[in-house]
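Under this note's numbering, think of the first position of the sequence shown as 1184, with each following residue one higher.
Even for Gly, the Cβ is constructed at its ideal location relative to N, Cα and C.
A quick write-up on the structure given underneath.
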Amino acid sequence: MKVSVDRSLCYGSAECAYRAPAVFAFEDGYGVVRPGAAEAAEDPRVREAVREAAEKCPSQAVLLAEGEEPFSG
Ligand code: SF4
């Protein structure tokens, strides 16, 4: 799973860091993906939290991709 945050969309609600703290942090007013997050996201519970964070991000700034295809829901 590839996880990224589009900083141009993020407005700093910090919800991603709250929902999936193993993968996201909140720094300088933006959600950021922690170093090593790809490994953490291999855990099924973490993956679910990441999916939820992406769905609930109020600005749709959390981007997920799995395998070759972009994650679409
Ligand atoms: S939930 Fe979305 S808007 Fe809020 S900090 Fe994370 S990426 Fe930014």
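In summary, ARG1228 is exposed, with fewer than 16 beta-carbon neighbours lying within 10 Å of its beta-carbon over all protein chains present. A direct Cα-Cα distance of roughly 12 Å separates VAL1233 from GLU1249.
With 16 or more other Cβ atoms inside 10 Å of its own Cβ, GLY1214 counts as buried. Between ALA1221 and the set SER1191, GLU1210, GLY1195 and LEU1246, the nearest pair of CA atoms involves LEU1246. Nearest to MET1184 by C-alpha distance, out of CYS1240, TYR1201, VAL1216 and LYS1239, is VAL1216.
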